[in-house]
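Keeping their order, the protein sequence lines are chains A and B.
For reference, each letter of the first sequence is one residue, going 736 to 986 in the numbering used here.
For reference, each letter of the second sequence is one residue, going 62 to 411 in the numbering used here.
Glycine included, each C-beta is placed from N, C-alpha and C at the ideal position.
Please read all numbers here as calculations on a predicted model, not as lab measurements.
Notes to accompany the following structure.
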Amino acid sequence: MKKVYTRPRSLKRNPFHYCPGCGHSIIHRVMTELIDEMNLQERIIGIPPPGCSVFAYYYFDIDMAESAHGRGAAVATGMKRAFPEAIVFTYQGDGDLAAIGTAETIHAANRGEKITAIFINNAVYGMTGGQMAPTTLLDQQTTTTPYGRDVKLEGYPIRMSEILALVEGAVYIERTAVNSPANIRRTKKAIRKALQTQIDDLGFSLVEILSPCPTNWKMSPLEAWQWIDKEMTKQFPLGVIKDTTGDKDAN
Amino acid sequence: MNGNSAIGEAAIRAGCQCYFGYPITPQNELTEYMATHLSRRKGCSFVQAESEISAINMVYGASVAGVRVMTSSSSPGISLKQEGISYLAACELPAVIVNMSRGGPGLGSIVASQSDYFQATRGGGHGDYRTIVLAPSSVQELADLTHHAFDLADKYQIPVIILGDGMLGQMMEPVEFKHEAPEELPIRSRALRGAKGRPSRIIKTFTSKPTELEELNWSLYRRYQLIRKEETSYETFLVEDAELIVVAFGIAARIAKGAIKNARTDGLKVGMLRPITLWPFPSAKVEELANGTKHFLVFEMNMGQMIEDVQLALAGKGEVSFYGRPGGVIPTPSEVFRVVSRLYYQKGLK
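Pasting the structure below:
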């Protein structure tokens, strides 16, 4: 009998702690498939953040080092500079990458650091209990925007990928989602391209992934998937945002 | 050579492969030295980071990857680095952090001060940890202790602070480098370099189990006890017959030495204890000196910080006076001499 689906070699046997319908487990699965397929397990180093995915190191069977909140891009810079043969990725949420770590992210991109950021955008601070994120949509209710995000008080949901596209050292940026099998496949393709960009030593790459958080959105997993299509993608349109890798076949 | 550049050269000769910094006066010559002399060396890297916070986190990343790494700054910048230093301590990662301190609090001044003693010797960031703190008092010692700092960091897998000041950093003195830069240093065994030929590894501190974190704290504590036993270092000067002992560190000790020489010329029996490691503090030596005299003068360029360690060490067995100049004011040897002789007569020592 032919085996058509199995646990990736670089995914540990530990059961995920994530909530039902959470996007992290899908993204972990996709990434570990890629680590296997691209034969990276022996040279990749991951940097998980504080937040729901802090325990990523219990799932990825690769070398991983915890980062302080927001500092992933700086930690990755130090690691890559000290050991350029490594493939280094950060795994960061929206609060991590687009609020407290904005400076680290933009300047790592601007230096063209050969690192890859996996940027999980779920429009909310997940682990701390559903507070407003820099990416929270207008009118979206969170525990710190109980009346809905008011542009006059809380400003706009920040489009970090578009901002980073203006930075010359960033060479590949794509926004995807994990709310349908087709989008999951596109996400996998985007991460593959981002990692390949790093392997080819071309510069900074980032994949922003719109990811459901049914718990804090107070929705069922299915409603959360639908909300990404109906609401999130209006503010955060999917697609390749920047590609100066010179790859003619790019998407 | 100025003190800042001497640190840079000593670091390179100690096999420092990565330096991450951010400009701040009065330590810029060090960052510039590394930009000139480290950045193009084979296998080495220099980054002028976007902030002190980023620089210390780059240090963390490079230390995770197993190389010798350094950053430097001055007081306000060192405050920003405390988050990263706490993570380095928690993850048992070696690194050398140079603080060429200046007057505070706040933006303060850009001239020499010793007001970061508490911050340096009590950990500095959040959590229950210590760092080894070395306090040089000459350019030669800056060079020697920089080399030693890398060895200590590796030996104990701990961040080491070099606590200098703006004056030491700027002053020009002859310096002899006792080591040649090594060709290549071995990569540390705990380093993350990809899970090749071994199981994957994690470097982390977060845990949902308090007992696990308690065990980490105990393990750090045991290491700190060992460091206290093995690495405490100090210099004594004319203490054998001293009726009054000045306790001072760094540049203040240099100033005090001049004052003590003058006092000796006047026939006053004054000596000095100069802690070289501020943490671990030479408490046992202070206690031992109290067998000879009861009179101690702590002299610092701050409002009185190391004095607490002296008092703790004496536990009431001696009388401790204090003279301090905060805010970046540099006292002269003759000023300290006046303080010393006044105290000497007040205590009826002659």
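Neighbours of isoleucine 780 of chain A in chain B, taken as residues at a C-beta separation under 7 Å, are given in chain order as Leu253 and Gly255. Looking at B/Gln407, B/Ile146, B/Cys152 and B/Leu91, the one whose alpha-carbon comes closest to that of valine 194 of chain B is B/Ile146.
Taking a Cβ-Cβ cut-off of 8 Å, the neighbours of histidine 842 of chain A in chain B comprise Ala110, Glu111 and Ser115, given in sequence order. Closest in C-alpha terms to proline 947 of chain A, from the list A/Glu909, A/Asp936 and A/Trp962, comes A/Trp962. Residues of the segment 931-954 of chain A that bring their beta carbon within less than 9 Å of a beta carbon in chain B are absent altogether. By the Cβ-count criterion, arginine 920 of chain A is exposed, with fewer than 16 other Cβ atoms from all chains shown falling within 10 Å of its own Cβ.
Looking at the DSSP output, histidine 356 of chain B bridges to B/Leu305 and B/Glu380. For the set B/Ala210, B/Pro341 and B/Pro260, the Cα lying nearest the Cα of lysine 290 of chain B is the one of B/Pro341. Note that the C-beta distance between isoleucine 797 of chain A and serine 136 of chain B is not below 7 Å. Put simply, the CB of aspartate 831 of chain A is far from chain B, with every gap to its CB atoms at 7 Å or more.
A residue is called buried once 16 or more other Cβ atoms fall within 10 Å of its Cβ, and glutamine 407 of chain B, having fewer, is exposed. Taking 7 Å as the threshold, the shortest C-beta distance from methionine 367 of chain B to chain A does not fall below it. The beta carbons of proline 220 of chain B and alanine 320 of chain B sit about 34 Å from each other, so the pair does not count as a contact at 8 Å. Contiguous alpha helix (DSSP H) elements confined to the segment 799-848 of chain A occur at 807-817 and 837-845, taking only those with 4 or more residues. Contact check for leucine 339 of chain B against alanine 196 of chain B passes: the beta carbons are separated by less than 7 Å. Note on asparagine 749 of chain A: under 16 other CB atoms within 10 angstroms of its CB, so exposed under the neighbour-count rule.
Excluding residues up to 5 positions away in sequence, Arg335 and Ile337 lie with their Cβ nearer than 7 Å to the Cβ of glutamate 296 of chain B in the same chain. Lysine 103 of chain B sits exposed, since fewer than 16 C-beta atoms from the chains shown fall within 10 Å of its C-beta. Look at serine 147 of chain B here: in three-state DSSP terms it is helix.
Within the segment 934-979 of chain A, the complete beta strand (DSSP E) segments at least 3 residues long are 939-945 and 974-978, listed from N- to C-terminus. The Cβ-Cβ distance between isoleucine 944 of chain A and valine 902 of chain A does not fall below 7 Å. Residue-level contact by beta carbon fails for tyrosine 860 of chain A and chain B, as no gap is shorter than 7 Å. In this structure, aspartate 936 of chain A places its C-beta atom within 7 Å of the C-beta atom of lysine 849 of chain A. About 6 Å separates the beta carbons of alanine 838 of chain A and serine 112 of chain B, which is inside the 8 Å limit, making them a contact pair.
It is roughly 33 Å from the alpha-carbon of valine 942 of chain A to the alpha-carbon of lysine 737 of chain A. Chain-order list of chain A residues neighbouring isoleucine 263 of chain B: Tyr792 and Met799, by C-beta distance under 7 Å. If the five residues before and after alanine 844 of chain A are omitted, its C-beta is found closer than 6 Å to the C-beta atoms of Leu899, Val902, Gly904, Ala905 and Phe939, all from its own chain and listed in chain order. In the DSSP annotation of this structure, the continuous segment of the alpha helix (DSSP H) that includes leucine 281 of chain B starts and ends at 271-292.
Closest option to isoleucine 223 of chain B, judged by alpha-carbon separation, among B/Leu91, B/Asp327, B/Asn363 and B/Glu396: B/Leu91. The shortest C-alpha to C-alpha distance from arginine 742 of chain A to any of A/Ile780, A/Ser760 and A/Gly756 is the one to A/Ser760. The alpha-carbon of arginine 284 of chain B is positioned some 50 Å away from that of isoleucine 976 of chain A. In the three-state reduction of the DSSP assignment, aspartate 771 of chain A falls in the helix class. With a contact defined as Cβ atoms closer than 8 Å, leucine 213 of chain B and glutamate 292 of chain B qualify at about 7 Å. DSSP places proline 783 of chain A outside any beta strand (DSSP E), giving it a letter other than H or E.
Among the bridge pairs identified by DSSP, aspartate 226 of chain B is matched with B/Ser162.
Using a CB distance cut-off of 7 Å, glutamate 777 of chain A counts as an interface residue toward chain B.
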